[in-house]
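The structure appears below as structure tokens.
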Amino acid sequence: MKAVRSALAADPVRAVRPGRSGKPEKAASAGAPVPRQRPRPDKATRRRLRRRVRVAGLAIDPMTETEVVDHVVAALKRGEGGHIVTPNVDISRAVARDAALRRLVEGADLAVADGMPLVWAARLLGTPLPGRVTGADLIWSLSEAAAFYRYPIYLLGGPPGVAEQAAVRLADRHPGLLVSGVDAPPYGFEDVPGGYDRIREAIVAAGPRVVFVGLGFPKQDRLIARLREELPGTWFIGCGSAIAFAAGAVRRAPTWMQRSGLEWLFRLLSEPGRLARRYLAEDLPYALKLLTVCLVKRLFS
Numbered sequence: 002m003k004a005v006r007s008a009l010a011a012d013p014v015r016a017v018r019p020g021r022s023g024k025p026e027k028a029a030s031a032g033a034p035v036p037r038q039r040p041r042p043d044k045a046t047r048r049r050l051r052r053r054v055r056v057a058g059l060a061i062d063p064m065t066e067t068e069v070v071d072h073v074v075a076a077l078k079r080g081e082g083g084h085i086v087t088p089n090v091d092i093s094r095a096v097a098r099d100a101a102l103r104r105l106v107e108g109a110d111l112a113v114a115d116g117m118p119l120v121w122a123a124r125l126l127g128t129p130l131p132g133r134v135t136g137a138d139l140i141w142s143l144s145e146a147a148a149f150y151r152y153p154i155y156l157l158g159g160p161p162g163v164a165e166q167a168a169v170r171l172a173d174r175h176p177g178l179l180v181s182g183v184d185a186p187p188y189g190f191e192d193v194p195g196g197y198d199r200i201r202e203a204i205v206a207a208g209p210r211v212v213f214v215g216l217g218f219p220k221q222d223r224l225i226a227r228l229r230e231e232l233p234g235t236w237f238i239g240c241g242s243a244i245a246f247a248a249g250a251v252r253r254a255p256t257w258m259q260r261s262g263l264e265w266l267f268r269l270l271s272e273p274g275r276l277a278r279r280y281l282a283e284d285l286p287y288a289l290k291l292l293t294v295c296l297v298k299r300l301f302s
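Just add 1 to the spot in the sequence shown (first one is 1) and you have our numbering.
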């Protein structure tokens, strides 16, 4: 692990985990061409699309975390990439008032419910979801699968130094994990001339097969939509604060609070200045209205 830490410190934008011989090991498909996505979804994908649940105006895939990982691995084996979005109450509220953001979410290959209110709403509508699938969990489970199949990953987001620490912790947990690069774009990079190009060039040069983008919605998903054109064989996960959680820079709520739908309260108490307005004045009223509407539909349908 000392080699991983020193490599990350020397070049925070690009680092590769050393192989068993002690020499840097190249990413399995760093420079290899990857086939473009199929114009027509395969039979399994068409069946999954038919199973999608409509909740809060969004089409949600009723999948468990394990099913998501299996889906991504199967696609990677075929040389196909994709985009995972994890809608929560905040994202649902945003797309409800912005058609462009709705199209952005609907353009993702997989949409899985991050917020418990969406799970509750689906249950009230009589179309239950199996549960939450969060970016904070997927960063660990997908990294485990990537380590097993030798697919290189890339971490994009978080304050300076956080992505590097997350890479170290992920590699400690999953021996054999290939980290082809990390990056922490400065705030407002999208408005700086050449800011996007620098990120794009670094990721394309690193050649990852799985990229975790933790820049917050919708910035992360807009960036993913552009990057996918040049990396059609790569999976991108819009993961919000997952990189900071993985690094240990931000504490995550206890498991019982996550399962009971109180993770938002834990985060509010941890960062009241940043989150109070969003959670209390915007998200909470929207969630209560959503659940009320779903309950009325259930009672009178």
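Glycine included, each C-beta is placed from N, C-alpha and C at the ideal position.
Pick helix, strand or coil for residue i, following the three-state DSSP scheme.
| i | result |
| --- | --- |
| Ala254 | coil |
| His72 | helix |
| Val113 | coil |
| Asp184 | strand |
| Tyr155 | strand |
| Pro273 | helix |
| Arg79 | coil |
| Pro286 | helix |
| Leu292 | helix |
| Arg210 | coil |
| Leu266 | helix |
| Thr65 | coil |
| Gly189 | coil |
| Gly196 | helix |
| Leu178 | coil |
| Glu26 | Confidence at Glu26 is low in this model, with a pLDDT of 46, below 50, so the placement of that residue should be treated as unreliable; the coordinate-derived value is given next. Residue state, collapsed to three classes: coil. |
Among the candidates the options, whose CA atom is the shortest distance from the CA of residue i?
| i | options | result |
| --- | --- | --- |
| Glu191 | Ser271, Arg278 and Leu216 | Leu216 |
| Ser261 | Pro118, Glu81 and Val96 | Pro118 |
| Val212 | Phe218, Asp184, Ala277 and Pro219 | Asp184 |
| Ser242 | Ala146, Ala164 and Pro194 | Ala164 |
| Pro63 | Leu105, Asp115 and Glu81 | Asp115 |
| Ala203 | Gly177, Leu156, Ala123 and Val73 | Leu156 |
| Ala146 | Ala254, Lys78 and Phe267 | Lys78 |
| Pro219 | Ala277, Asn89 and Gly208 | Asn89 |
| Ala122 | Leu269, Thr293 and Phe301 | Thr293 |
| Val151 | Val193, Asp173, Arg210 and Leu105 | Note on identity: in this sequence residue 151 is Arg, with Val being the wrong assignment. When each option's Cα is compared against that of Arg151, the closest is Arg210. |
| Gly177 | Pro153, Gly189 and Leu130 | Pro153 |
| Val74 | Pro233, Ala101, Leu232 and Leu143 | Leu143 |
| Ile85 | Ala226, Val54 and Gly196 | Ala226 |
| Thr65 | Gly108, Gly58, Ala254 and Val120 | Val120 |
Using the beta-carbon count (16 or more within 10 Å), is residue i buried or exposed?
| i | result |
| --- | --- |
| Gly159 | buried |
| Gly249 | exposed |
| Thr256 | exposed |
| Ala288 | buried |
| Pro161 | exposed |
| Asp99 | exposed |
| Ala206 | exposed |
| Thr87 | buried |
| Phe149 | exposed |
| Gly182 | buried |
| Val193 | exposed |
| Val69 | buried |
Could you please give me the residues that DSSP links to residue i through a beta bridge?
| i | result |
| --- | --- |
| Arg55 | Ala60 |
Threshold first: 3 residues or longer. Then list the beta strand (DSSP E) segments lying entirely within the segment 81 to 144, N to C. 83 to 86
Give, in chain order, every unbroken run of the alpha helix (DSSP H) that is at least 4 residues long and sits entirely within the segment 212 to 249. 220 to 228 and 243 to 248
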